[in-house]
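Take 7 as the starting number for the sequence shown in our numbering and just add one per residue. The structure under discussion appears below in the form of structure tokens.
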Amino acid sequence: MLRGVTFEVGRGETVALMGPNGSGKSTVLRVLATLIRPNAGNAGVAGLDSVRDAQDVRGRVGYLAHTPGLYDDLTARENLEFAADMLGLPHSAVEATLERAGLGNVSLARVRGFSAGMQRRLALARLMMRRPEVLLLDEPYANLDEAGVELMNSVISEVIESGGTALLALHELAPARAILDRAITLADGRVAAGSPQRAAAH
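Here it is as structure tokens:
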């Protein structure tokens, strides 16, 4: 449960949400992704209200859950082709995305046989196809090897360089340290005392 959590993340900023399990990190992301309606207060994304403008918010946000949410009985390519159909994108974008994610050689393999790291890469590939303005990433580095961490940071950096925003729920800062602007710590559903709520001027 969140208890009066208040903070802002600006355009071109990458911010980590830190805190132990149960501190509210995932809940914040789910509220911003319009998957949970806040019982009180409000949440805004790109100047839009997460409840009143939920449809428009979903069109701007790229949400990566802690679990990949893939279709196990489909191949990697079929998973991305389905995503492309939902987004109104041509299937021609799928192969290049799989290659960049390091999955080109297993594009015809069913996802149920993938390792956790491969599934995370495929979920990231699906996110890449959306080209979101705002990234909401829940433990994005889980099960990724060094090359996967580099890929994740590259994707995040591209969104930031295009004027986007990234909010990452993390247990540890190390994998993201090179791209982070600041961190906000949550404890018991609140922003912890002394945790920066706004970005310093650049």
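Quick reminder that beta carbons are idealized off the backbone N, C-alpha and C, glycines included.
Collapsed DSSP secondary structure at residue i in the structure displayed
i, result
"residue 194", "coil"
"residue 158", "helix"
"residue 188", "strand"
"residue 81", "strand"
"residue 57", "coil"
"residue 258", "Nothing about residue 258 can be reported from this structure: the residues present for the chain run from 7 to 208 only."
"residue 33", "helix"
"residue 86", "helix"
"residue 24", "strand"
"residue 207", "Residue placement at residue 207 is flagged as unreliable, the pLDDT there being 31, under the threshold of 50; a coordinate-derived value is accordingly withheld."
Burial state of residue i (16 or more Cβ within 10 Å)
i, result
"residue 138", "buried"
"residue 30", "buried"
"residue 103", "buried"
"residue 122", "exposed"
"residue 111", "exposed"
"residue 113", "buried"
"residue 98", "exposed"
"residue 146", "buried"
C-alpha gap between residue i and residue j, whole angstroms
i, j, result
"residue 117", "residue 75", "11 Å"
"residue 186", "residue 22", "7 Å"
"residue 90", "residue 56", "24 Å"
"residue 159", "residue 192", "23 Å"
"residue 182", "residue 130", "16 Å"
"residue 127", "residue 14", "29 Å"
"residue 78", "residue 86", "12 Å"
"residue 154", "residue 170", "21 Å"
"residue 80", "residue 115", "8 Å"
"residue 59", "residue 52", "11 Å"
"residue 35", "residue 173", "8 Å"
"residue 100", "residue 93", "12 Å"
"residue 71", "residue 11", "20 Å"
"residue 42", "residue 33", "8 Å"
"residue 40", "residue 151", "30 Å"
"residue 48", "residue 8", "12 Å"
Whole-angstrom C-beta distance between residue j and residue i, which should lie under 8 Å
i, j, result
"residue 20", "residue 162", "6 Å"
"residue 141", "residue 24", "Not really, about 17 Å apart at Cβ, beyond 8 Å."
"residue 134", "residue 95", "With a Cβ gap of about 11 Å, residue 134 and residue 95 do not count as contacting."
"residue 26", "residue 37", "Incorrect: roughly 19 Å between the Cβ atoms, too far for contact."
Contact test: residue i Cβ vs the ligand FAD heavy atom, cutoff 7 Å
i, result
"residue 29", "The ligand FAD is not part of the structure shown, which contains no ligands of any sort."
Review point. Can you list, in chain order, the stretches of the beta strand (DSSP E) that have 3 or more residues and sit fully within the segment 111-159?
Key: 140-144
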